[in-house]
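Q: Just dropping this structure here.
This is how it looks when you write it as structure tokens:
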């Protein structure tokens with residue numbers, strides 16, 4: 086009898102068992118026993134050569150997969166000792182969690198392909214191999230997440246980031262095993278549609294109830310992954326500024342310049358514009374020098390050269406430019422720009438102090454006056470009816486000031 090004919094006969098016997106079960110339990114048990122004998126008989130009907138071939142294929146495939154696993158692990162560990170990257174250690178750790186019992190399930194499936202089996206037995210073997218595959222993939226994923234967490238915690242000294250990484254890894258591991266359980270239930274013939282729908286509705290309800298908490302939690306994970314700032318970075322958020330003191334799962338804390346603690350929720354922090362001065366490498370400094378009206382054109386042309394020499398004389402500063410940029414209402418304006426080759430604020434202020442002091446001394450030596458807001462009121466008199474500059478007043482181009490007559 087062929088396998089197809091035997092299967093059709095088995096199904097007829099099974100239907101007869103179901104019909105008899107409603108009429109007589111004894112007859113149902115008898116029919117079920119007959120069906121079991123038929124299936125056992127079909128399984129034992131395979132020749133000895135078929136059984137030997139199946140056992141050889143099962144054993145050989147299992148041994149081959151185990152050998153490949155051992156060879157790959159040894160190779161990865163050898164590469165890890167010669168390389169500086171952690172990817173080799175990571176791969177060796179993951180492949181090392183390949184279990185022999187699961188490989189035996191794969192070998193049994195490959196060996197069963199050579200045997201003539203009832204559909205029920207063949208389906209059982211297939212489901213067993215599928216379950217082994219799902220379990221092995223879940224184990225690899227779980228091992229990869231735990232290995233990443235260990236490497237992250239070794240490389241990082243920040244306690245807040247370690248806590249965030251533990252929460253992230255826990256959530257990912259939970260999701261991995263939840264998906265694996267659903268796949269196992271589906272593999273064994275259970276209907277998971279209703280279960281998945283229930284989980285989806287429950288997840289939506291939980292998300293709505295804990296919207297703010299989950300928002301801050303995911304914002305914390307975003308800070309951990311994207312790293313817009315680190316501990317001890319000086320940042321400006323809106324009108325608040327300070328050094329980052331703590332990055333938690335819900336809040337981030339700054340230490341203000343006055344010593345006060347400033348607390349932001351992670352969600353609101355990421356929605357704001359953050360100025361991170363901790364990532365600054367150089368500082369660009371621009372300021373305006375204001376010379377008084379009455380400064381000679383010779384001095385006006387000489388001021389940018391004097392400023393350039395003063396700034397360029399310092400080794401920790403890169404001079405960019407100095408220009409006579411504007412004729413103001415009460416001053417002649419010169420714009421000066423240079424770059425301090427450090428991000429340290431105190432060093433920047435020391436450099437600016439020294440440069441401004443030297444400019445002040447230089448202006449004193451050159452007899453160049455700094456401008457200051459001044460309103461001059463001139464009264465008309467017999468000698469000057471228009472109230473303007475008197476004809477006998479000294480020229481303003483010689484660097485001297487005109488003194489009104491009393």
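Numbering (my numbering), first residue to last: 86 to 491. C-beta atoms are modelled at their ideal positions from N, C-alpha and C, and glycine is treated no differently.
1) Excluding the 5 residues preceding and the 5 following residue 178 in the sequence, name in chain order all residues of the same chain whose CB lies nearer than 7 Å to its CB.
2) Can you give me the C-alpha to C-alpha distance between residue 409 and residue 327, rounded to a whole angstrom?
3) So residue 453 and residue 383 are supposed to be a Cβ contact under 8 Å. How far apart are they, rounded?
4) Going by Cα to Cα distance, which pick from 415, 271, 147, 210 is closest to residue 456?
5) Just verifying my parser: in three-state terms, what is the DSSP assignment at residue 362?
6) Just the Cα atoms here: how many angstroms apart are residue 156 and residue 263?
7) Could you please give me the residues that DSSP links to residue 339 through a beta bridge?
8) Straight-line CA distance for residue 385 to residue 322?
9) Between 424, 400, 275, which lies nearest to residue 407 when the distance is taken from Cα to Cα?
10) Pick helix, strand or coil for residue 423, following the three-state DSSP scheme.
11) Would you mind sorting residue 433 into buried or exposed? The rule is 16 or more other CB atoms within 10 Å of its CB.
12) Tell me the DSSP secondary structure of residue 412 in three-state form.
13) Per the DSSP calculation, residue 406 is bridged to which residue(s)?
14) Any contact between the segment 198-208 and the segment 173-190? By contact I mean 3 or more CB pairs, one from each, below 8 Å.
15) To the nearest angstrom, how far is it from the Cα of residue 272 to the Cα of residue 211?
16) Hey, how far is the Cα of residue 405 from the Cα of residue 320?
17) By Cβ distance below 6 Å, which residues in the same chain neighbour residue 224 in space, the five residues on each side in sequence not counted?
18) Among the candidates 197, 187, 235, whose CA atom is the shortest distance from the CA of residue 255?
19) Indicate the three-state DSSP secondary structure (helix, strand or coil) for residue 399 in the structure shown.
A: This is what the structure gives:
1) The answer, listed in chain order, is 228, 232.
2) Rounded to the nearest angstrom, the two C-alpha atoms are 37 Å apart.
3) Residue 453 to residue 383, Cβ: 10 Å. No contact.
4) For the residues 415, 271, 147, 210, the minimum Cα distance to residue 456 belongs to 415.
5) Of the three classes helix, strand and coil, the one that applies to residue 362 here is helix, per DSSP.
6) For residue 156 and residue 263, the distance between alpha carbons rounds to 32 Å.
7) Beta-bridge pairing by DSSP links residue 339 to 329, 347.
8) Their backbone Cα atoms lie some 41 Å apart in a straight line.
9) When each option's Cα is compared against that of residue 407, the closest is 424.
10) Residue state for residue 423 is assigned as strand, using DSSP reduced to three classes.
11) Label assigned to residue 433: buried.
12) Shown here, residue 412 sits in a strand according to DSSP, grouped into three states.
13) BP columns for residue 406 point to 422.
14) A contact is defined here as three or more CB-CB pairs under 8 Å, and the segment 198-208 fails this definition with respect to the segment 173-190.
15) In a straight line, the C-alpha of residue 272 is about 9 Å away from that of residue 211.
16) Their Cα atoms are separated by approximately 27 Å.
17) Non-local beta-carbon contacts of residue 224 in its own chain, meaning distances under 6 Å to residues more than five positions away in sequence, involve 182 in chain order.
18) Closest in C-alpha terms to residue 255, from the list 197, 187, 235, comes 235.
19) Three-state result, residue 399: coil.
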